[in-house]
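Asker: Following this message is one structure expressed as structure tokens.
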Amino acid sequence: MAKRRVVTTTINGRQTEFLCEPRQTLLEVLRDTLDLTGAKEGCANGNCGACTVLMNGRPVDSCLVLGVETEGAVLETIEGVAPVDGLDPIQQAFLENAALQCGICTPGFIMSCKSLLAENSDPTENDIRFYLAGNLCRCTGYDKIVRAVLDAAKKRNAEPAPA
Amino acid sequence: MSTIDRTPAHATNGNGKPYKVIGTRPIRHDGVDKVTGRAKYGADIHLSGLIYGVVLRSPHAHAKIRSIDVSQALALPGVRAVVTHKDLREPGDRIVELGEGAVNLRHLSNNILAADKVLYKGHAVAAVAADSVHIAEQAAGLIKVDYETLPAVIDVEAAMKPSAPLLHADLFTDELGQKAKAPSNVAKHFRFEKGDIAKGFAQAKVVIEREFRTATVHQGYIEPHNATAMWNADGYITVWTSTQGSFTVRQQVAELVNAPISHVKVIPMEIGGGFGGKIRVYLEPVAAILSKRTGKPVKVLMSRADVFEGTGPTPASYIRVKLGVGSDGKITAAETYMAYEAGAYPGSPIGAGAMCIFACYDIPNGRIDGYDVVVNKPQTSAYRAPGATNAAFALETVVDEACEQLKIDPLEFRLKNGVKEGSRRVDGPVFPRIGMMETVEAVKKSEHWNTPLTGKHRGRGVASGFWFNCGLKSSASATVNPDGTVALVEGSTDIGGSRTGIAMQLAETLGIAATDVVPTVGDTDSVGYTDVTGGSRVTFATGYAAYEAARDIQRQMVERAARIWEVDAAKVSYENGGVTGPDGKRFSFKELAEQINKTGEPIVGRGTVDPEGCGGAFATHVVDVEVDPETGKVDIIRYTAAQDVGTAIHPSYVEGQIQGGTVQGIGWGLNEEYFYDAAGTMRNSTFLDYRIPTCYDLPMIDTLVVEVPNPGHPYGVRGVGEVPIVPPPAALANAIYRAVGVRMKQLPMSPPNVLKEILRKGASK
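Top line first, the protein sequences correspond to chains A and B. In this text, residue positions in the first sequence follow our numbering: the first is 1, and each later residue adds one. In this text, residue positions in the second sequence follow our numbering: the first is 164, and each later residue adds one.
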């Protein structure tokens, strides 16, 4: 077994240290070492998006990032999306629009959606479909997911900016 | 491309029915867990002392196993155990019912770990348990299997030839009930007949006969198969898994590892999609025997390639259809020859396909010949209306050609020939009240149908589809809480929000809010026997069980109120969400609930059902496409799916089933296929190369929810999950024809296949 390295990151706003082998992916570290199982393994080769997390603000497939590559990085996972006392508007929109069936792809979609709305606060249907094409869903046919994202954008834009 | 702007707002609650809960759209009870990443799916479980299993799979499509040497693997530090077929019980040739289809236990056992032969690339051969998954993977690579490779056959038509390599020396065709004398890859040939087809075809003005071929496709659930098992020292086994049926897993594990069913407890984890593919076990018995050998809980996960190569795809098929239509536009006769690939062991969905192919139409004279054929591919599993989509692609394309030749509008053809209550299928059954015609009428009235399609290389296609649905057994129990809520435990694993649809039926019956029911999916020790989540049966049958549990609560609450009021229970009734007695006495549900534990025994309602009248499901779809004549690529411009759902309990999830099933049908129609090389190796076992639809490939999927209440259910529910996958490939083929003038007779209608037909047509001009 290769020697383990100590890696220091910030995950969901808290400084986090973990030990990992050089071959371990970020997804494996999150799920098996840190017990953050909200990121899902659907393919382990970057095709399905179920393991999407934000790394330094950008969405990445955590199955394609090595744990050791995240030294010094700021990571956000699905577990960090909701505020303490409720849900993020994106999460609420997914529920209200019935944008999930089995739910296995949902954390990945929500992370990608968070990144989309950070880049583009008023996306069109086409913008959404293009941006989310790296996240696969086999249950919904995407109709209600696209509606949920449009709804989330509308609600976020309607909210007064934080003081 | 924007498609949402012309999509009508989905119909909301009501339709004039007297329901308070049914037809509303509450947030699902498991919703918050699923949008926060907190829901626990099979792979998310962690147990103290957990070790990891890895399965070694065959690199050959067909080979004899001469020997397996596990000594080097066992010598690797960190390895705890290696198991092979010898560690499973030899169950013999027994047939067991798994809830949605019977299985030969010897085949099931050999599929889980191969005995003397491997029958497809990816066939499991051995399994290792080790302290980490990486050690287990390394150890699996150290297992030495000595194979004698054999010629493989991976195509249904080739496999039926007498000269084809044989998969099973002991497989003799069941030829119309007679056992053949020589072994063959054809497991079964059966026939359904009605009327006199020679006479029927003689009466026809137009007779069309065409051949169709469809490719192997996969269910494509995003969550790979998983299983974790602990075999305790007392002989009791606990299995945590993502499954469509915890009770069928219990039965299969018990049979395969030789334990009484009472010693196997299956805890259903949240399931990340199934679509029929998570009924048969693959990993659960392997995890159990690895646990027995190591004394530790063992978790085994599949990779995506394992899922494609080792688990149930749905069959490739060869179908020939002959249709006769009279000058009045009425069908006079229909005949079909259908051969479906079963994969490595007998049991393709040919039976269901054969019963569905003509089911949308009233056919006076018909004959159906069906063949179940083994090939060197993974054993096929159910996939959403199993067998029906292949069949509809063939029949509905021929119907469209008949309409064209007779110059009949395709919807008028369906209104003239479609089945209704009393129509008899070619295979025998007579339809009860069904909604085939209503789906056609809904399309005919739709804004989509009445908006002309303009533009070059564009076309509109229509197709219909049928699926049986099923009833089967379900159980539910419901405890009244003192705060006026009800804790509901039901046995159906929840793939798409069904616990809410079930809870809503209980809430409707009791006259309380959907949010006042707290539903849980029980494990096999906590809830009564419940068949699989399949056959579009959960909202129908488990909802029925919840209704019965609510009725049981009503009876007990009436007795309790009578006791409190000291009146005759016959003078007390349950109505409008509470109990009413003589002289204006009244308890609301909440008021009485609060009294229960102060006035006597707890109130627990029980519902167990095995309902017959599931009713059939029909759908009619219309699609507009644009075909690029340079590349053969098909873009979907607009899609509308009409379906009879009986009663929509939670309309959002009914629409969701229709949309999701439709898009799976679109994937099947336009893109998806297993590519094999000559050696029988699948060459596209990733989601990059086996391309399921992404959201960028699709428009919004409009739904027309038609409600023809099913008389076999207290709230008129029909199953909705399966039939939406049936029409899309045929509807797309018919649209492609209108767009570029080529009749597609092969799935998928991927750019190269469409382009080939376009070029062929150009060359023949």
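Every residue, glycine too, gets a C-beta built ideally from N, C-alpha and C. On a predicted model such as this, the values are computed, not experimentally measured, just so you know.
Using DSSP bridges, identify the partner residues of B:Arg354.
Answerer: Within the second sequence, numbered from 1, the residue matching residue 354 of chain B stands at position 191. For B:Arg354, which the question treats as bridged, DSSP gives the partners B:Asp532.
Asker: To the nearest angstrom, how far is it from the Cα of B:Ile812 to the Cα of B:Thr866?
Answerer: The residue labelled residue 812 of chain B in the question sits at position 649 within the second sequence. The residue labelled residue 866 of chain B in the question sits at position 703 within the second sequence. Roughly 15 angstroms separates the two Cα atoms.
Asker: Give me whichever residues DSSP pairs with B:Pro682 in a beta bridge.
Answerer: Translated into the one-based positions of the second sequence, residue 682 of chain B becomes position 519. Partner(s): B:Leu651.
Asker: Looking at the structure shown, is B:Val242 part of a helix, part of a strand, or coil, going by DSSP?
Answerer: Indexing the second sequence from 1 puts residue 242 of chain B at position 79. Note: B:Val242 maps to strand in three-state DSSP.
Asker: Between which two residues does the beta strand (DSSP E) carrying B:Val198 extend?
Answerer: Counted from its first residue, the second sequence places residue 198 of chain B at position 35. Premise fails: B:Val198 lies in the alpha helix (DSSP H), 194-198, not in any beta strand (DSSP E).
Asker: Can you check the stretch 815-880 of chain B for any beta strand (DSSP E) of at least 3 residues that lies completely inside it and give the ranges in chain order?
Answerer: Runs of the beta strand (DSSP E) inside the stretch 815-880 of chain B: 864-869.
Asker: Going by beta carbon distance, what residues of the same chain come within less than 7 angstroms of B:His270, once the five residues before and after it are set aside?
Answerer: Residue numbering aside, residue 270 of chain B sits at position 107 when the second sequence is read from its first letter. Excluding positions up to five away in sequence, the list reads Tyr508.
Asker: Using a Cβ cut-off of 7 angstroms (strictly closer), state whether B:Gly398 contacts chain A.
Answerer: By one-based count along the second sequence, residue 398 of chain B stands at place 235. Not an interface residue.
Asker: Would you kindly work out how many angstroms separate the C-alpha atoms of B:Val412 and B:Val883, rounded to a whole number?
Answerer: Sequence index remark: in the second sequence, residue 412 of chain B carries index 249 (1-based). Sequence index remark: in the second sequence, residue 883 of chain B carries index 720 (1-based). Going from the Cα of B:Val412 to the Cα of B:Val883 covers about 24 angstroms.
Asker: Can you name the residues of chain B whose CB is closer than 8 angstroms to the CB of A:Gly38?
Answerer: Translated into the one-based positions of the first sequence, residue 38 of chain A becomes position 38. Within chain B, the residues near A:Gly38 are Thr199, Gly200, Arg201.
Asker: Considering only their Cβ atoms, is the gap separating B:Asp807 from B:Phe781 smaller than 7 angstroms?
Answerer: Position 618 of the second sequence, counted from the start, is the residue given in the question as residue 781 of chain B. Position 644 of the second sequence, counted from the start, is the residue given in the question as residue 807 of chain B. The answer is yes: Cβ separation under 7 angstroms.
Asker: So B:Ile799 contacts chain A; which residues on that side make the cut at Cβ distance below 8 angstroms?
Answerer: On the second sequence, position 636 is the one that residue 799 of chain B refers to. Per Cβ cutoff of 8 angstroms: no residues; B:Ile799 is ~11 angstroms from chain A at best.
Asker: Give a yes or no on whether the minimum CB-CB distance between A:Glu71 and chain B is below 7 angstroms.
Answerer: The residue you call residue 71 of chain A lines up with position 71 of the first sequence. Closer than 7 angstroms: no.
Asker: Along chain B, in chain order, which residues have C-beta atoms closer than 8 angstroms to that of A:Lys144?
Answerer: The sequence position of residue 144 of chain A within the first sequence is 144, counting from 1. Ser815, Glu818, Gly819, Gln822, listed in chain order.
Asker: Assign B:Leu851 to one of two classes, buried (16 or more other C-beta atoms within 10 Å of its C-beta) or exposed (fewer than that).
Answerer: The residue you call residue 851 of chain B lines up with position 688 of the second sequence. Burial call: exposed.
Asker: Confirm, please, whether the CB-CB distance from B:Val681 to B:Ala650 is below 7 angstroms.
Answerer: Here residue 650 of chain B refers to the residue found at position 487 of the second sequence. Here residue 681 of chain B refers to the residue found at position 518 of the second sequence. Yes; because the gap between Cβ atoms is below 7 angstroms, this pair is in contact.
Asker: Can we say the stretch 564-573 of chain B touches the stretch 508-522 of chain B, given the rule of at least three CB pairs closer than 8 angstroms?
Answerer: Contact between the stretch 564-573 of chain B and the stretch 508-522 of chain B is absent, because fewer than three Cβ pairs lie under 8 angstroms.
Asker: I need the straight-line Cα distance from B:Gly706 to B:Gly285, nearest angstrom please.
Answerer: For the purposes of this step, residue 706 of chain B is taken as residue 543 along the second sequence, with counting starting at 1. For the purposes of this step, residue 285 of chain B is taken as residue 122 along the second sequence, with counting starting at 1. Taking the straight line joining both Cα atoms gives about 39 angstroms.
Asker: Quick one: using the 10 Å Cβ neighbour count with 16 as the cut-off for buried, is B:Leu339 buried or exposed?
Answerer: Residue 339 of chain B sits at position 176 when you count from the first residue of the second sequence. Answer is exposed; the Cβ neighbour count stays below 16.
Asker: What does the alpha-carbon distance come out to for the pair B:Thr672 and A:Thr140?
Answerer: Stepping through the second sequence from its first residue, residue 672 of chain B is reached at position 509. Stepping through the first sequence from its first residue, residue 140 of chain A is reached at position 140. Computed Cα separation, rounded: 29 angstroms.
Asker: Hey, is the stretch 366-374 of chain B in contact with the stretch 468-479 of chain B, meaning 3+ C-beta pairs nearer than 8 angstroms?
Answerer: With a cut-off of 8 angstroms, the stretch 468-479 of chain B and the stretch 366-374 of chain B do not count as touching, because too few Cβ pairs lie within range.
Asker: Give me the Cα-Cα distance between B:Gly200 and B:Val444, rounded to the nearest whole angstrom.
Answerer: The residue labelled residue 200 of chain B in the question sits at position 37 within the second sequence. The residue labelled residue 444 of chain B in the question sits at position 281 within the second sequence. If you take the alpha carbons of B:Gly200 and B:Val444, they lie about 26 angstroms apart.
Asker: Run down chain B in chain order and give the residues with a C-beta less than 7 angstroms from the C-beta of A:Phe165.
Answerer: Look at the range of chain A in this structure, 1 to 163, and you will see that residue 165 of chain A is not part of it.
Asker: With A:Pro59 as the anchor, note down where its alpha helix (DSSP H) starts and where it stops.
Answerer: Residue numbering aside, residue 59 of chain A sits at position 59 when the first sequence is read from its first letter. A:Pro59 -> not in any alpha helix (DSSP H); beta strand (DSSP E) instead, spanning 58-61.
Asker: Suppose only complete runs of 3+ residues qualify. What are the beta strand (DSSP E) ranges in the stretch 500-525 of chain B, listed by chain order?
Answerer: Taking only runs of at least 3 residues, no beta strand (DSSP E) segment lies wholly in the stretch 500-525 of chain B.
Asker: Could you name the residues of the same chain whose beta carbon sits closer than 6 angstroms to that of B:Glu920, not counting the 5 residues immediately before and after it, in chain order?
Answerer: Here residue 920 of chain B refers to the residue found at position 757 of the second sequence. Cβ neighbours of B:Glu920 beyond the five flanking positions: Val905.
Asker: Hey, does A:Ala50 have any beta-carbon neighbour from chain B nearer than 7 angstroms?
Answerer: Locating residue 50 of chain A in the first sequence gives position 50, where the first residue counts as 1. Yes, A:Ala50 lies at the interface with chain B (some Cβ there is under 7 angstroms from its Cβ).
Asker: With C-beta atoms as the reference, is B:Val880 less than 7 angstroms away from B:Gly809?
Answerer: As a position in the second sequence, residue 880 of chain B is number 717, starting the count at 1. As a position in the second sequence, residue 809 of chain B is number 646, starting the count at 1. Taking 7 angstroms as the Cβ cut-off, B:Val880 and B:Gly809 qualify as a contacting pair.
Asker: Is any beta-carbon of chain A found at less than 7 angstroms from that of B:Leu910?
Answerer: Position 747 of the second sequence, counting from 1, holds the residue named residue 910 of chain B. No, no contact with chain A.
Asker: By a C-beta neighbour count over all protein chains shown, 10 Å radius and 16 as the cutoff for buried, is B:Lys227 buried or exposed?
Answerer: Taking the second sequence and counting its residues from 1, one reaches residue 227 of chain B at position 64. Counting Cβ neighbours within 10 Å, B:Lys227 comes out exposed, since fewer than 16 surround it.
Asker: Could you spell out where the alpha helix (DSSP H) holding A:Leu75 opens and where it closes?
Answerer: Within the first sequence, residue 75 of chain A is the residue found at index 75, counting from 1. Element bounds for A:Leu75: not the alpha helix (DSSP H) but the beta strand (DSSP E), 74-76.
Asker: Quick check on DSSP: helix, strand or coil for B:Ile360?
Answerer: Counting from 1 along the second sequence, the entry for residue 360 of chain B is found at position 197. B:Ile360: helix per DSSP, three-state reduction.
Asker: Would you kindly work out how many angstroms separate the C-alpha atoms of B:Tyr816 and A:Gly49, rounded to a whole number?
Answerer: As a first step, residue 816 of chain B must be located in the second sequence, where it is residue number 653. As a first step, residue 49 of chain A must be located in the first sequence, where it is residue number 49. Near 23 angstroms, if we compare the C-alpha coordinates of A:Gly49 and B:Tyr816.
Asker: Could you tell me the alpha carbon to alpha carbon distance between B:Arg801 and B:His388, rounded to whole angstroms?
Answerer: To locate residue 801 of chain B, count along the second sequence from 1; it is residue 638. To locate residue 388 of chain B, count along the second sequence from 1; it is residue 225. In a straight line, the C-alpha of B:Arg801 is about 34 angstroms away from that of B:His388.
Asker: Does the beta carbon of A:Asn157 sit closer than 7 angstroms to a beta carbon anywhere in chain B?
Answerer: Indexing the first sequence from 1 puts residue 157 of chain A at position 157. Judged by the 7 angstroms Cβ criterion, A:Asn157 is not in contact with chain B.
Asker: Using three-state DSSP, classify B:Ile228 as helix, strand or coil.
Answerer: Locating residue 228 of chain B in the second sequence gives position 65, where the first residue counts as 1. Reduced to three states, the DSSP call for B:Ile228 is strand.
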